[in-house]
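Working notes for the structure below.
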Amino acid sequence: MSLQAVPARYRVASRAAETHDTVTLGLEPVDDPIAPHRPGQFAMLYVFGSGEVPISISGEPGGPGLVYTIRSVGAVTRALCEAGPGELIGVRGPYGTEWGVTDAAGQDLVVVAGGIGLAPLRPALLAALAARERYRRVTVLIGTRTPDDLVFAGELETWREHGADVRVTVDRAAAGWRGHVGVVTQLIDRVDVDPAATLALVCGPEVMMRLTARSLGARGVAADRIRVSLERNMRCGIAECGHCQLGPLLLCRDGPVISYRRAAALLTVKEL
Amino acid sequence: MNDAVPASALADHAFLRGMPADDVTRLARAAVAVRLPAGRRLFDEGAPASKCWLLTAGHVALDLHMPGRANLIVETLGRGDVIGFSWLSPPHEWQFGAEVVESAEAFELDGATVMVLCDRHPELGYQLALRLLAAAVQRLQATRIRLLDLYAVPSHDAGAR
Amino acid sequence: MDGPIPADGPLLMEAAALDPLLDALRGAGYRVIGPTVADRAIVLAELGSAADLPFGWGVSLEPGGYRIRRRDDSAAFGHSAGPQSWKQFLHPPREKVWSARRTAGGFEVEAADEHAPRLAFFGVRPCDLRAIEIQDQVLGRGEHAGSRYAARRAGVFIVAVNCTEPGATCFCASMSTGPQAGPGYDLALTEMAGAGTHRFLIDVGSPAGADLLAGLPVRRADDATAGSARSAVAGAADRMGRSMPADILHDLMAGSAGAARWDDVASRCLTCGNCTMACPTCFCTTVEDTTDLSGDHAERWQLWDSCFDLDFSHLHAGPVRSSPRSRYRQWLTHKLGTWHDQFGSSGCVGCGRCIVWCPVGIDLTEEVAALQAEAGQAGNSPGAAPQAQTGGEPS
Chain Y
1 MSLQAVPARY RVASRAAETH DTVTLGLEPV DDPIAPHRPG QFAMLYVFGS
51 GEVPISISGE PGGPGLVYTI RSVGAVTRAL CEAGPGELIG VRGPYGTEWG
101 VTDAAGQDLV VVAGGIGLAP LRPALLAALA ARERYRRVTV LIGTRTPDDL
151 VFAGELETWR EHGADVRVTV DRAAAGWRGH VGVVTQLIDR VDVDPAATLA
201 LVCGPEVMMR LTARSLGARG VAADRIRVSL ERNMRCGIAE CGHCQLGPLL
251 LCRDGPVISY RRAAALLTVK EL
Chain A
1001 MNDAVPASAL ADHAFLRGMP ADDVTRLARA AVAVRLPAGR RLFDEGAPAS
1051 KCWLLTAGHV ALDLHMPGRA NLIVETLGRG DVIGFSWLSP PHEWQFGAEV
1101 VESAEAFELD GATVMVLCDR HPELGYQLAL RLLAAAVQRL QATRIRLLDL
1151 YAVPSHDAGA R
Chain C
2001 MDGPIPADGP LLMEAAALDP LLDALRGAGY RVIGPTVADR AIVLAELGSA
2051 ADLPFGWGVS LEPGGYRIRR RDDSAAFGHS AGPQSWKQFL HPPREKVWSA
2101 RRTAGGFEVE AADEHAPRLA FFGVRPCDLR AIEIQDQVLG RGEHAGSRYA
2151 ARRAGVFIVA VNCTEPGATC FCASMSTGPQ AGPGYDLALT EMAGAGTHRF
2201 LIDVGSPAGA DLLAGLPVRR ADDATAGSAR SAVAGAADRM GRSMPADILH
2251 DLMAGSAGAA RWDDVASRCL TCGNCTMACP TCFCTTVEDT TDLSGDHAER
2301 WQLWDSCFDL DFSHLHAGPV RSSPRSRYRQ WLTHKLGTWH DQFGSSGCVG
2351 CGRCIVWCPV GIDLTEEVAA LQAEAGQAGN SPGAAPQAQT GGEPS
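Chains as they are written, first to last, in this note's numbering: chain Y, 1 to 272; chain A, 1001 to 1161; chain C, 2001 to 2395.
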């Protein structure tokens, strides 16, 4: 099977502003649709003449449409966040490894998200909630900057209704916020976890993932039952350009989802 | 409503994990089990500080009152946490306020009694001091992480280059 | 010679038959690339005739030094470690990947045409032959079987040349890539240029190679000549100026993250990236998306890139590998270590180009020896499985 050479064109079918700098786009295929994403995978999204960025799938698995949640941090992501319904976006993918949420069957599932890291986790969570009876406890811990930066804020109640224990904490409260204030690792200390029968999926800034994995480890969760989603500079997405190397790993091919057993040693080496 | 606390119950609390049994028994003399309904103000900024709480369930928010911003929450504490350091040293006044945000249960320790016990039993004082220090350090580290503003969009201005 | 080419033993050809050989390649539709003398170096260029080959030219090699010199024989292949490798033809420094144009409904994308001329590589050293095979693994096989690289590669005719005279900076023997060419050639020549004789032993490596020789003045080689050629090549293996402990390199690199040696080499390394440009296996690229002034036409180009470039590892607000130490470490530990994890072989073929073309003369065989010594002093057997360093922190 040969990797796709040029982007497949998709049309923006829907656009929803999640926060002041984050947008969720729903795309429908114009050219032949790409293979379906599995939760955790990403695609290279192309804006005409501007460039490409790697974005993880953030929408429900299944169906020809694609859903991505993009935060405006540079030229290409800004263009994506400004794209309106009807505009064409190029998509190459899906690439990378998946969360493998079904490996938590019969066990506790703990999803820990930091900031925009909730977006790559959302498809795994939705898949778990769609088959809720397969899992014991489903816990979602979300850390975000302020209450205004919370993505998918309108869905949390629906997740609770489908059987997830969802807790949100902010680094900094705004007036009127009556929820948790503090780092997301403080939430880990307060949830019930059966460390011998838990799968933890963690996504967010690298420091947050390291601290989260450490807290989970302190609760007795084994490193190979913690999965993180890593990020490095990506250009091609198809293991040909060499940019996304992290030690022995090519993150576009061996990641982005990596077992913390493999990741731990790599993340502690400065400038690896 | 406020019950005496058996040493065995106290020993289960994460804050006291590993404390020698004799010291836990002594400490139990200063403790009562309390139920804190949601909405109760545990203490207010500036009031005399004479107690601390070992939370066993629920959540308590530390807050600061600012004009125009009501009570802004600075940190939320939950099961396993110790609430209240200001009773330890002068001016023995609360630096923040605290409100029960989700109905809570705790062991309430009377500060004066604890100090008398520690004067008589320095080993208890040592054990408590170690744990209070560890809790303070943990909160300091968490605060430093929050100051890093990890979820902000990184900018090229940030950091020395 | 008429009739079928004997495929059960080496053949012999006089140097005078080089022109008919090149003609046969051109007649078969190939553009022939081979070594030539230009700009005071041996450079790869299209061969118009055998006269373009660098007869009688050799090279003097040292760390950070390359000079061509007159040989005292007329050998055409008596040189090594030129500034280029064959990768510039199979994996070009610049190529268009796709173009796109604005339309009423949005845009249309078109993959760049691949009008790959059929190339014959004439004079591929065994190290470079292995380098081609290594790049095939990275860029042309498995999921990359439909790539532009694979399309270019499919049509290439390879005439390898075994080495009888190692360059001063060569270490192919210890990397098991030479001086005898491994599989992958269509024809392999062993040059014998002495007093009054100039001929080539030929090994046929493929049916295409056998077919090419049809009608050319080649004959079965006699045992004495063949034996003499073989021992000349074997003898070269014993005269290498450098060597690498190939079997422990992966683990040595894996345990080296905190080594003090990296600071030492970083004090010399200019991070100029010459090594990555000269190295025949370095494959990293970047992409550039451009538009014309009207903004209606866009192109994506793929360009050679180097892990020494600060921008290479840019993430969020800055490079992950900011210090020269970390960038040199990345290059060497990838080439000698993690390449195994990623692609199943070493990335180094022992050609020595990085030593020659480094402006400050950094010699990776020397760096490896120093890292090995440091690991040994730290109490770690360099051949042991990766574990936490006992001495020194990861910096």
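Don't be surprised by glycine CBs; every beta carbon is placed ideally from N, CA and C.
Predicted model only: the values in this text are computed from it and were never measured.
Item                                                                                                                          : Value
Presumed contact (8 Å Cβ cut-off) between P2151 (chain C) and E2114 (chain C), rounded CB distance                            : With the sequence shown as reference, residue 2151 (chain C) is identified as Ala, and Pro is not the correct amino acid for it. Indeed, because the Cβ distance is near 5 Å, the residues count as touching under 8 Å.
Cα-Cα separation, H2198 (chain C) to D2052 (chain C)                                                                          : 16 Å
Proximal chain Y residues relative to L1054 (chain A), where beta-carbon distance stays under 9 Å                             : Going along chain Y, no residue has its Cβ under 9 Å from L1054 (chain A), so there is no contact; the nearest lies around 14 Å.
Range covered by the beta strand (DSSP E) that runs through P54 (chain Y)                                                     : 51-56
Exposure label - A200 (chain Y); buried when at least 16 CB within 10 Å                                                       : buried
Limits of the beta strand (DSSP E) - the one that T22 (chain Y) falls within                                                  : 22-29
Residues, ordered as in the chain, of the region 2282-2294 of chain C that lie near chain Y by beta-carbon distance below 7 Å : F2283, C2284, T2285, T2286, V2287, D2289, T2291
Within 9 Å of chain A by C-beta, residues of the region 173-189 of chain Y in sequence order                                  : A173, A174, A175, G176, W177, R178, G179, H180, V181, G182, V183, T185, Q186, L187, D189
E2014 (chain C) burial status per 10 Å Cβ neighbour count (16 or more: buried)                                                : exposed
CA-to-CA distance, S1086 (chain A) to A1136 (chain A), given in whole angstroms                                               : 12 Å
Proximity below 8 Å, CB of T2281 (chain C) to CB of G2347 (chain C)                                                           : yes
Check: I2158 (chain C) C-beta below 7 Å from any heavy atom of the ligand ZN                                                  : You won't find the ligand ZN in this model; it holds no ligand whatsoever.
Within 7 Å of chain Y by C-beta, residues of the region 2354-2373 of chain C in sequence order                                : none
T2290 (chain C) classed as buried or exposed, judged by whether at least 16 other C-beta atoms fall within 10 angstroms       : exposed
Pairwise C-alpha distance: P248 (chain Y) and L1088 (chain A)                                                                 : 52 Å
Below-8 Å beta-carbon distance, S50 (chain Y) vs any chain C residue                                                          : yes
Boundaries (first-last residue) of the beta strand (DSSP E) holding R227 (chain Y)                                            : 226-229
Range of the contiguous alpha helix (DSSP H) that encloses R2230 (chain C)                                                    : 2223-2237
Boundaries of the beta strand (DSSP E) in which R2327 (chain C) is found, first to last residue                               : Note, R2327 (chain C): premise wrong, no beta strand (DSSP E); alpha helix (DSSP H) at 2324-2333.
8 Å Cβ cutoff, M1 (chain Y) in contact with chain C                                                                           : Confidence in M1 (chain Y) is poor, its pLDDT being 35 and thus under 50, which makes the residue's placement too unreliable to answer from.
Which listed residue (A:I1083, A:E1099, A:H1065, A:R1146) has its alpha carbon closest to that of G179 (chain Y)              : A:E1099
Unbroken stretches of the beta strand (DSSP E), 3 residues or longer, contained in the region 2108-2190 of chain C            : 2119-2124, 2157-2161
Below-8 Å beta-carbon distance, F2089 (chain C) vs any chain Y residue                                                        : no
Residue range of the beta strand (DSSP E) that includes Y95 (chain Y)                                                         : 88-95
Members of the region 1091-1118 of chain A near chain Y, C-beta cut-off 7 Å                                                   : V1101
Coil, strand or helix - T1113 (chain A) by DSSP                                                                               : helix
Interfacial residues, the region 1057-1084 of chain A to chain Y, with Cβ spacing under 9 Å                                   : H1059, A1061, L1062, D1063, M1066, G1068, R1069, A1070, N1071, L1072, I1073, V1074, E1075, T1076, L1077, G1078, R1079, G1080, D1081
L1133 (chain A) at chain Y interface by Cβ criterion, 8 Å                                                                     : no
Assigned secondary structure, F1043 (chain A) (DSSP; H/G/I helix, E/B strand, else coil)                                      : strand
Chain-ordered neighbours of L211 (chain Y) on chain A, where CB pairs are closer than 8 Å                                     : I1145
Delimiting residues of the alpha helix (DSSP H) encompassing D971 (chain A)                                                   : The structure shown does not extend to residue 971 (chain A), since chain A spans only 1001 to 1161, so no value can be given for it.
CB of P94 (chain Y) within 8 Å of CB of I57 (chain Y), strictly                                                               : yes
Proximal residues to S2345 (chain C) (C-beta, below 8 Å), its chain only, five neighbours per side dropped                    : I2134, Q2137, W2339
Delimiting residues of the beta strand (DSSP E) encompassing H162 (chain Y)                                                   : That residue, H162 (chain Y), is in no beta strand (DSSP E); it is neither H nor E in DSSP.
Closer than 8 Å to chain Y by CB, C2170 (chain C)                                                                             : no
Ranges of the beta strand (DSSP E) found wholly within the region 2289-2371 of chain C, counting only runs of at least 3      : 2297-2304
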